[in-house]
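To start, the structure itself, in structure tokens.
2 protein chains.
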Amino acid sequence: MCLGSGRRWRLWRRCAEGLPRISSGCTGERKQTIGGASSGAATTQTRLAVAFGRRVLWDLGLGLVWRAREANRVVKVAEKMTGVVIDGKETAAGIRKEVKRQVQALEEKYGAEAGTPGLATVLVGSRTDSATYVRMKHKACAEVGIKSIQRQLPEDITQEALLEVVRALNQDPLVHGILVQLPLPSHINEEAILAEVALEKDVDGFHPLNIGKLAMKGRQPLFVPCTPLGIMELLRRHNISLAGKHAVVLGRSNIVGMPVAMLLVKANATVTVCHSQTTDLPGIVKQADVLVAAVGRAEMVKADWIKPGAVVIDVGINSKDDPSSKKGYRLVGDVAYDECASVASMITPVPGGTGPMTIAMLLQNCATAASRTLGAST
Amino acid sequence: MCLGSGRRWRLWRRCAEGLPRISSGCTGERKQTIGGASSGAATTQTRLAVAFGRRVLWDLGLGLVWRAREANRVVKVAEKMTGVVIDGKETAAGIRKEVKRQVQALEEKYGAEAGTPGLATVLVGSRTDSATYVRMKHKACAEVGIKSIQRQLPEDITQEALLEVVRALNQDPLVHGILVQLPLPSHINEEAILAEVALEKDVDGFHPLNIGKLAMKGRQPLFVPCTPLGIMELLRRHNISLAGKHAVVLGRSNIVGMPVAMLLVKANATVTVCHSQTTDLPGIVKQADVLVAAVGRAEMVKADWIKPGAVVIDVGINSKDDPSSKKGYRLVGDVAYDECASVASMITPVPGGTGPMTIAMLLQNCATAASRTLGAST
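Line by line, the protein sequences are chains A and B. Start counting at 1 in the first sequence, then tack on 908, and there's your number in my numbering. Start counting at 1 in the second sequence, then tack on 908, and there's your number in my numbering.
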């Protein structure tokens, strides 16, 4: 403990208090500090001595070289980590159970006919992907006891006829939620159709009034779009704190990027929105404590873009050629999963991450809509 | 030009092509590169020789030390710069002239009575600051020929009575814009009052439907809030390109931070939203090619936060004690102007920056509202 001079003691103090540290910014359970060891394990004396040694190196002008080496060490240590998989399938199953109980409670209170939440889907044309999505939603509805009402309409339906279908559903007391499957054929004005959906039945949360309230401080939308809501629910249910964290959102779409950025700001994260015109994407992603990737580019985000210990939420669903698969392809996200999983502290897989959560949130929004309407009518 | 060995030549090539450079990221006219000199001034040979010298240092493991020193040099050179002042007063005066011509054209077309744009202001209570703002708006209206209709209401007005005032203004064909001066007394539900303003008269752009459309890709709000609109107009009229630039917004208020962030994203900037819970604010601000400060904290942003060559837009209006002033105080922005002006490439002063632009945009929105209404009614 003998230091020999006041200057050294001051140096020690400075080292202990203020020596630059590279923190992993990990929001999960594990934390990497310089040296890869928990500071709690060392005695105060040892820490001071180590810090003093580092300070001397620093003062000799080699600090930056040392810092770069330590940063590399952190990355190497982190590369040996395996990120916790955020299981969207399991979380969504739990939420579906909750919704099922909610539906049963509504039926008990308001009767099996009037009390059953109803979701109307509007499908225009014969796009295979849209038909698949609608079928999946009906299946999920059936599982929790929500009644599906399907409107399958021809590709060449007129704008006015489609508006009439939406208006009729707005009036139907057994329909509590309306979902217009996008995209609509090019001759239809999508904005006008979505704006026609009654606010209290807008379970997709795409009405501009709901988006406006989502954006505004102190306002609450009636519904939040399902994918962003699912992401926030995943983060919440996995105890991932957001206040003061740096969240980076890749993509600025109306259905994912833009609303999730707003939700993250409301959750007190510092939020950066990146998109196709962003320069130095890897450099910005590297700052993310929480990364939300929603750009639709297969495995674009690489391991060396990820800050060690970051939480990675992958919203992309892209098909990738895979001769070893029966179908000749497989689904991958926007994040190169295998390599990124070893740097992130937590990561969502594709499939089985945000996808199941989106449908679970739609069911939850439907049950909420029914609960509000029925509650208001009694 | 004799090199003596193939290895040296390869090194030279690498130096000339790929030696790390620190660019100032300047979006204005001037650019600082490492060394502070224009590369165009040196001959190719000199550049290669200098680059080779740097490469040798780099290879000796001193590259990082050298880089840090060069970065300091860039900052020092930049500190001697004087940022171009973005004169909001002058730009606003130009816009007011344009609005005046627009008003005259409307009067010529629709007659002096029906064709004069009318702005109704609703002022509740006796807050001195609110009264001052309303007075300034009336004065600006008079300058460009917009008719002001003032509703001065008592502090204890009921919610319903205030709603009635707004409804009556909605119905008045001579009122084209309605401005409810905020804040309202605490017993009034601000959200309900603002939502009552007819969309086509929402010249403040605060209606959630307008905010929703502002947020959404492919949608256009009828009106954009005046301060964010003024900021975008200042940037546009000063030829500041935004695509691919990193814009950092300090503050997430409904009237400035949030909408300006959305506008910047729509203008293809990469946008980071910071606020009271942001950690490492200086580090994030340092990345900004364009900084918008709207937090209401006097001279919070310091020179060493600013990236050399950045464009700085200061929205703050704060009073600071100043015994040398008659009033005993003076107005300052959120940015420490004197010191930051020497690092930024362009900067708005306070007062005389975004303030005059806000009122000019209100007048422009009024003229637009009148133009739309009168055009639709003929």
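The beta carbon of each residue, even a glycine, is placed where N, CA and C say it ideally should be. Small disclaimer: the values here were computed from a predicted structure and weren't measured.
Do we get a CB-CB distance below 8 Å when we pair A/Gly1159 with the residues of chain B? Counting from one through the first sequence, the residue named residue 1159 of chain A turns up at place 251. No, A/Gly1159 lies away from the interface with chain B (no Cβ there is under 8 Å from its Cβ).
Taking A/Val1105 as the reference, give the member of A/Ala1249, A/Leu1087, A/Leu1171 with the closest Cα. Translated into the one-based positions of the first sequence, residue 1105 of chain A becomes position 197. Nearest of A/Ala1249, A/Leu1087, A/Leu1171 to A/Val1105, Cα basis: A/Leu1087.
Where do the ends of the alpha helix (DSSP H) carrying A/Val1052 lie? Here residue 1052 of chain A is taken as the residue at index 144 of the first sequence, counted from 1. That run of the alpha helix (DSSP H) goes 1036 to 1052.
Suppose the cutoff is 7 Å on Cβ atoms and the five residues either side in sequence are ignored; what does the same chain contact list for A/Pro1133 look like? Here the question's residue 1133 of chain A lines up with position 225 in the first sequence. Counting only Cβ-Cβ distances below 7 Å, and skipping sequence neighbours, we find Asp1112, Gly1113, Phe1114, Ile1163, Pro1167.
Using DSSP's beta-bridge definition, name the partner residues of B/Gln1058. Start at 1 with the first residue of the second sequence, and residue 1058 of chain B comes out as number 150. Note: B/Gln1058 sits in a beta bridge opposite B/Thr1029.
Rounded to whole angstroms, what's the CA-CA distance from B/Leu1092 to B/His1154? Just pull it up for me. Against the second sequence, residue 1092 of chain B aligns to sequence position 184. Against the second sequence, residue 1154 of chain B aligns to sequence position 246. Cα to Cα, the separation comes out at about 36 Å.
If we ignore side chains and look at the alpha-carbon of each, how far apart do A/Thr1066 and A/Ala1028 end up? To locate residue 1066 of chain A, count along the first sequence from 1; it is residue 158. To locate residue 1028 of chain A, count along the first sequence from 1; it is residue 120. Whole-angstrom Cα-Cα distance: 19 Å.
A/Thr1187 CB to nearest chain B CB: under 8 Å? Counting from one through the first sequence, the residue named residue 1187 of chain A turns up at place 279. Chain B, which has a Cβ nearer than 8 Å to the Cβ of A/Thr1187, makes this yes.
Name the residues in the region 1092 to 1110 of chain A whose C-beta lies less than 7 Å from a C-beta of chain D; which are they? The structure shown contains no chain D; its protein chains are A and B.
Cutoff 7 Å; reference B/Arg1145; Cβ partners in own chain excluding five residues on either side: Numbered from its first residue, the second sequence carries residue 1145 of chain B at position 237. Counting only residues of its own chain and dropping the five nearest sequence neighbours on each side, B/Arg1145 has a CB closer than 7 Å to the CB of Thr999.
Using 10 angstroms around the beta-carbon of A/Glu937, count the other beta-carbons present and answer buried if the total reaches 16, otherwise exposed. One-based indexing of the first sequence puts residue 937 of chain A at position 29. With a pLDDT of 34 at A/Glu937, under the threshold of 50, the modelled position of this residue cannot be trusted; read the value that follows with caution. So A/Glu937 counts as exposed.
Nonlocal neighbours in the same chain, by C-beta distance under 6 Å from B/Ala1268, ignoring five residues either side: Residue 1268 of chain B sits at position 360 when you count from the first residue of the second sequence. Around B/Ala1268: Ala1000, Ile1003, Arg1004.
Name the residues in the region 1182 to 1216 of chain B whose C-beta lies less than 8 Å from a C-beta of chain A; which are they? Near chain A, meaning a CB-to-CB distance below 8 Å, the residues of the region 1182 to 1216 of chain B are Cys1182, His1183, Gln1185, Thr1186, Thr1187, Ile1192.
Out of curiosity, what's the CA-to-CA distance linking B/Leu1270 and B/Val1179? Here residue 1270 of chain B refers to the residue found at position 362 when the second sequence is read from its first residue. Here residue 1179 of chain B refers to the residue found at position 271 when the second sequence is read from its first residue. Whole-angstrom Cα-Cα distance: 25 Å.
Once you ignore the five residues that flank B/Ile1192 on each side, which residues in its own chain have a CB closer than 7 Å to its CB? As a working mapping, residue 1192 of chain B is identified with position 284 in the second sequence. Excluding sequence neighbours, B/Ile1192 sits near Val1156, Thr1180, Cys1182, Thr1186.
Extract the residue ranges of the alpha helix (DSSP H) inside the region 1219 to 1273 of chain B, only unbroken runs of 4 or more that lie entirely within it. Counting only runs of 4 or more, we get 1245 to 1249.
Can you tell me the Cα-Cα spacing of A/Ala1252 and A/Glu1006, whole angstroms? By one-based count along the first sequence, residue 1252 of chain A stands at place 344. By one-based count along the first sequence, residue 1006 of chain A stands at place 98. Going from the Cα of A/Ala1252 to the Cα of A/Glu1006 covers about 30 Å.
When the distance is taken between beta carbons, is B/Val1258 closer than 8 Å to B/Val1288? Nothing can be reported for residue 1288 of chain B, as the shown portion of chain B is limited to 909 through 1286.
Taking contact to mean at least 3 C-beta pairs separated by less than 8 Å, is the region 1220 to 1233 of chain B in contact with the region 1193 to 1209 of chain B? yes
Please list the partners that A/Thr1276 has in chain B, where partner means a Cβ-to-Cβ separation under 9 Å. If you number the first sequence from 1, residue 1276 of chain A lands on position 368. Contact annotation for A/Thr1276 against chain B: no contact, minimum CB-CB distance about 19 Å [criterion: below 9 Å].
For B/Arg1127, go through chain A and note every residue whose CB falls closer than 7 Å to its CB, in chain order. As a working mapping, residue 1127 of chain B is identified with position 219 in the second sequence. Residues of chain A passing the Cβ test: Glu1099, Pro1116.
What in chain A is Cβ-close to B/Val1132, meaning under 9 Å? Counted from its first residue, the second sequence places residue 1132 of chain B at position 224. Correct list: empty, because the minimum Cβ distance to chain A is about 13 Å.
Check the Cβ-Cβ distances between A/Asn1078 and every residue of chain B, and say whether any is below 8 Å. For this step, residue 1078 of chain A is matched to residue 170 along the first sequence. Answer no: the Cβ-Cβ gap between A/Asn1078 and chain B never drops below 8 Å.
Measuring only the C-alpha atoms, how far is B/Leu1171 from A/His1046? Counted from its first residue, the second sequence places residue 1171 of chain B at position 263. Counted from its first residue, the first sequence places residue 1046 of chain A at position 138. Between the alpha carbons of B/Leu1171 and A/His1046 lies a distance of about 38 Å.
Which residues of chain A have a Cβ atom closer than 9 Å to the Cβ of B/Asn1273, listed in chain order? As a working mapping, residue 1273 of chain B is identified with position 365 in the second sequence. What B/Asn1273 touches in chain A: nothing, since even the nearest Cβ is about 17 Å away.
Using beta carbons (cut-off 8 Å, strictly below), is B/Thr1178 in contact with chain A? Along the second sequence, read from residue 1 onward, the residue named residue 1178 of chain B stands at position 270. Output row for B/Thr1178: interface = yes.
By the three-class DSSP mapping on this structure, what secondary structure does A/Ala1201 have? The residue labelled residue 1201 of chain A in the question sits at position 293 within the first sequence. Of the three classes helix, strand and coil, the one that applies to A/Ala1201 here is strand, per DSSP.
Mapping DSSP to helix, strand and coil, what is A/Thr1180? On the first sequence, residue 1180 of chain A is found 272 positions in, with the first residue counted as 1. Strand.
For B/Leu1082, which residues in the same chain have their Cβ closer than 6 Å to its Cβ, ignoring the five residues on either side in sequence? Within the second sequence, numbered from 1, the residue matching residue 1082 of chain B stands at position 174. For B/Leu1082, where only same-chain residues beyond five positions count, the Cβ hits under 6 Å are Gly1026.
In chain order, what residues of the same chain have a beta carbon less than 7 Å from the beta carbon of B/Thr1281, not counting five sequence neighbours either side? Indexing the second sequence from 1 puts residue 1281 of chain B at position 373. For B/Thr1281, where only same-chain residues beyond five positions count, the Cβ hits under 7 Å are His1084, Glu1108.
Using the Cα positions of B/Asp1310 and A/Tyr1018, report the straight-line distance between them to the nearest angstrom. In this structure chain B extends from 909 to 1286, so residue 1310 of chain B is not present and cannot be described.
For B/Arg1224, return the contacting residues in chain A, with the cut-off set at a CB-CB distance below 9 Å. The residue labelled residue 1224 of chain B in the question sits at position 316 within the second sequence. Contrary to the premise, residue 1224 of chain B reads as Gly rather than Arg in this sequence. Those do not exist, as B/Gly1224 stays about 18 Å from chain A at its closest Cβ, beyond 9 Å.
In the DSSP assignment, find the unbroken alpha helix (DSSP H) run with B/Ile1076 in it and report its ends. In the second sequence, the residue the question calls residue 1076 of chain B occupies position 168. Checking the displayed sequence, the identity of residue 1076 of chain B turns out to be Ala instead of Ile. B/Ala1076 -> alpha helix (DSSP H) spans 1067 to 1079.
Simplified DSSP assignment, three categories, for B/Val1011: Position 103 of the second sequence, counted from the first residue, corresponds to residue 1011 of chain B. The answer is helix: DSSP assigns B/Val1011 an H, G or I state.
By the criterion of Cβ-Cβ separation under 7 Å, what are the contact partners of B/Val1173 in chain A? If you number the second sequence from 1, residue 1173 of chain B lands on position 265. In chain order: Arg1160, Val1181.
Chain B within 8 Å of A/Arg1121, Cβ atoms only: As a first step, residue 1121 of chain A must be located in the first sequence, where it is residue number 213. The sequence given here places Lys at residue 1121 of chain A; Arg does not occur at that position. Yes, A/Lys1121 lies at the interface with chain B (some Cβ there is under 8 Å from its Cβ).
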